[in-house]
Amino acid sequence: MVVQEFLDRMSKMEVLTYVGLDDWFDRLNFLITVWLLLLMSTVTTVKTYFLQPIICYIPNIVGSHEGQAAYITNYCYTEGTYNVPLAEFKVDNENPRWMEAYKDKKIYYYQWLPFVLGLQGVLCYAPRIVWYLFINNRSGTDLTQLVRQTVELQKAEGDRREKLMKHLCRQIELWIRGNMPIHKNGKCKTVRDFVLNWAPGLLWSKRLGTWLIIVYLLVKLFYICNAAGQLVLMTRLLQLTELPENKNSSLLRITSTFGADLLRDLLQGRDWQNTGVFPRSGCCAIETRQASSSQFIFAQCALPVNMIHEKLYIFLWFWFVFLLLMNVLSVPLWLFRFCSAYGRSSTVIKHLRLSGAVSKEKSGSIDAGLEFCREFLRFDGVFLVHMLVLNAGEVVVTDMCTELFSIYNASYREQLDEVVSEAGSAGRRHRHRNENGRLPPNLPSDPQLMPLVAKCNSSSSLNRRNGQRRGLQTLSEDVAEAQTPSSPGADLRLPTAPPAECSV
Numbered sequence: 001m002v003v004q005e006f007l008d009r010m011s012k013m014e015v016l017t018y019v020g021l022d023d024w025f026d027r028l029n030f031l032i033t034v035w036l037l038l039l040m041s042t043v044t045t046v047k048t049y050f051l052q053p054i055i056c057y058i059p060n061i062v063g064s065h066e067g068q069a070a071y072i073t074n075y076c077y078t079e080g081t082y083n084v085p086l087a088e089f090k091v092d093n094e095n096p097r098w099m100e101a102y103k104d105k106k107i108y109y110y111q112w113l114p115f116v117l118g119l120q121g122v123l124c125y126a127p128r129i130v131w132y133l134f135i136n137n138r139s140g141t142d143l144t145q146l147v148r149q150t151v152e153l154q155k156a157e158g159d160r161r162e163k164l165m166k167h168l169c170r171q172i173e174l175w176i177r178g179n180m181p182i183h184k185n186g187k188c189k190t191v192r193d194f195v196l197n198w199a200p201g202l203l204w205s206k207r208l209g210t211w212l213i214i215v216y217l218l219v220k221l222f223y224i225c226n227a228a229g230q231l232v233l234m235t236r237l238l239q240l241t242e243l244p245e246n247k248n249s250s251l252l253r254i255t256s257t258f259g260a261d262l263l264r265d266l267l268q269g270r271d272w273q274n275t276g277v278f279p280r281s282g283c284c285a286i287e288t289r290q291a292s293s294s295q296f297i298f299a300q301c302a303l304p305v306n307m308i309h310e311k312l313y314i315f316l317w318f319w320f321v322f323l324l325l326m327n328v329l330s331v332p333l334w335l336f337r338f339c340s341a342y343g344r345s346s347t348v349i350k351h352l353r354l355s356g357a358v359s360k361e362k363s364g365s366i367d368a369g370l371e372f373c374r375e376f377l378r379f380d381g382v383f384l385v386h387m388l389v390l391n392a393g394e395v396v397v398t399d400m401c402t403e404l405f406s407i408y409n410a411s412y413r414e415q416l417d418e419v420v421s422e423a424g425s426a427g428r429r430h431r432h433r434n435e436n437g438r439l440p441p442n443l444p445s446d447p448q449l450m451p452l453v454a455k456c457n458s459s460s461s462l463n464r465r466n467g468q469r470r471g472l473q474t475l476s477e478d479v480a481e482a483q484t485p486s487s488p489g490a491d492l493r494l495p496t497a498p499p500a501e502c503s504v
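Residue numbers (UniProt numbering): 1 to 504.
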């Protein structure tokens, strides 16, 4: 599925219009970088296999036909050339081991660069494959399609926009509720809440709402390793550690400076004859067979393809250094959004305040918004909101956050009314045991409902005391009225205080 999507995107060229569950830093890695590498691979492939990447000739001509020149060129291209100055390259047919002196000078990377550039593009795309395999198989819903539909919501109008908005919010609600924890009480919940507040990265669970964001952070680390590995790969491929000036240098130093050093040498006029990098010409030894023995013939080759490779790899070095820095900077940003309570709630609260759903003037509305982020959206839900903002924009996400907040309030109030009704009926059953206003033993002990139940008990006690006072004050009047001559034989009924009712 991911491979087919990649091929479809290649055909459609969705470089600037791409929408997915990724941020801007991710697109630099798997989209912009991949297209750059594919473009460079195409250029080098055309130069290598359709044009002339190398041209060779033998100074001491043996024959003069055209087929021999083509053979020499192809032989030197496939077998590789030696990065040795022409005056220093000596062919000694009397010494069978003469080529060992030039063993470290042989270069052949220009033959493989089209394939290496393609491999680099695959490596840059690999972390995204891992990311989408996880979210497609374990997230619980198609979050990528949800993001794309949210982008379509920007263009919708009228009833279609309203219906699509409710549909998307309903999908998000079902996804969040489907990942809710099964066991909500007990000692494990206390420990779990403590860890989630202080070290959420230690708990990796879909039920706790941390699975998606932790996988995403791991993918971020893959991107960092890929960018650093690309620099090391280029250093090893170009054999920079074999150069005389780098014999005493570490791999880290060579990797971190070779692009800048190459550009400085190019600007200062120090060409390949001094630096030894991307030589424009090389030497080749061609073995020829005669009647009684074989011998090597010296050939001189020009490598115009290295002029292209030099410019490409200078650009690639600076690009991967920039990519590495961007990836490193993106990790603290997401850690702040993930580990900090302010970072998790600030974006959602901002959108709720823009719509007027919460404000400082409304008593308790800010706390309700924070509770909405903590109890309903949780880590993965807030992560999805961030992705929607990055892909769909602020206006649509504001409307969606407001709709989700309304859904949450309606569901929460409905459960609250049921609990309060249960608390009131239980309080009437156990009124004779709770004259001091304490909670009955079978009432729920949810900290969020304690103020409401306390208010209910307080109201019940106040109504009960008022009823008793009213009964004592009118007792004598009621008795006298019951015994008047106009109602002989009337039954004496003492008034009782009306039962205390609690309404919230």
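We put the beta carbon where it would ideally sit given N, CA and C, even for glycine.
C-alpha of I297 to C-alpha of P59: approximately 9 angstroms in a straight line. For L174, the closest of S250, F320, D159 and T141 by C-alpha to C-alpha distance is T141. With fewer than three CB-CB distances shorter than 8 angstroms, the region 365-376 does not count as touching the region 327-334. By the C-beta density criterion, S345 is buried, having at least 16 other C-beta atoms within 10 angstroms. Under DSSP, the beta-bridge partners assigned to T81 are I107.
Under the 10 Å beta carbon count, G356 is surrounded by fewer than 16 other beta carbons and is classified as exposed.
Shown here for F376: same chain residues with a beta carbon closer than 6 angstroms to its own, the five before and five after excluded, namely Y408 in chain order. Bounds of any beta strand (DSSP E) do not take in S292, whose DSSP letter is neither H nor E. Counting every other CB atom within 10 Å of its CB across the protein chains shown gives R128 a total of 16 or more, marking it as buried.
With respect to the C-alpha of M400, the residue from S363, L86 and R353 having the closest C-alpha is R353. Excluding its 5 nearest sequence neighbours in each direction, T144 has C-beta neighbours in its own chain below 6 angstroms: G20 and L21, listed in chain order. The C-beta separation of G121 from L231 comes to about 15 angstroms, leaving the pair out of contact by the 8 angstroms criterion.
The C-alpha of P279 lies about 23 angstroms from the C-alpha of L252. Pairing C301 with T81 gives a Cβ-Cβ distance under 7 angstroms. Per the Cβ contact rule, the region 42-58 is in contact with the region 301-315 (3 or more Cβ pairs under 8 angstroms). In the three-state scheme derived from DSSP, where H, G and I count as helix and E and B as strand, Y125 is classed as helix. The C-beta distance from F30 to C124 rounds to 6 angstroms, short enough to meet the 8 angstroms contact threshold. Here F134 is not near S330, since their CB atoms are 7 angstroms or more apart.
With a threshold of 16 other beta carbon atoms within 10 Å, H386 meets it and is buried. Under the DSSP assignment, C169 falls in the alpha helix (DSSP H) whose first and last residues are G158 to G178. Beta-bridge pairing by DSSP links Q300 to Y57 and C283. Residue state for P114 is assigned as helix, using DSSP reduced to three classes. For W334, the uninterrupted alpha helix (DSSP H) run begins and ends at V305 to C339, by DSSP.
Taking all protein chains shown into account, D92 has fewer than 16 neighbouring C-beta atoms within 10 Å of its C-beta and is therefore exposed. Q111 and Y216 have their C-alpha atoms roughly 37 angstroms apart. In this structure, E310 is the residue among C169, E310, Q295 and I224 with its C-alpha nearest to the C-alpha of L113.
Between D104 and E242, the C-beta gap is smaller than 7 angstroms, which places the two residues in contact.
Apart from sequence neighbours up to five positions away, the residues of its chain that approach L153 with a beta-carbon distance below 6 angstroms are L164 and V396, ordered along the chain. If the five residues before and after V116 are omitted, its C-beta is found closer than 7 angstroms to the C-beta atoms of L237, all from its own chain and listed in chain order. Comparing alpha-carbon positions, the option among G67, Y77, A227 and R170 lying closest to L316 turns out to be A227.
By the neighbour-count definition (other C-beta atoms within 10 Å, threshold 16), N83 is a buried residue.
In the DSSP assignment, N248 falls outside any alpha helix (DSSP H), carrying neither H nor E. A residue is called buried once 16 or more other Cβ atoms fall within 10 Å of its Cβ, and D159, having fewer, is exposed. In this structure, the CA atom of V348 is about 18 angstroms from the CA atom of E361.
Rounded to the nearest whole angstrom, the C-alpha separation of V46 and T255 is 28 angstroms. DSSP places K155 in the coil class of the three-state scheme, outside both helix and strand.
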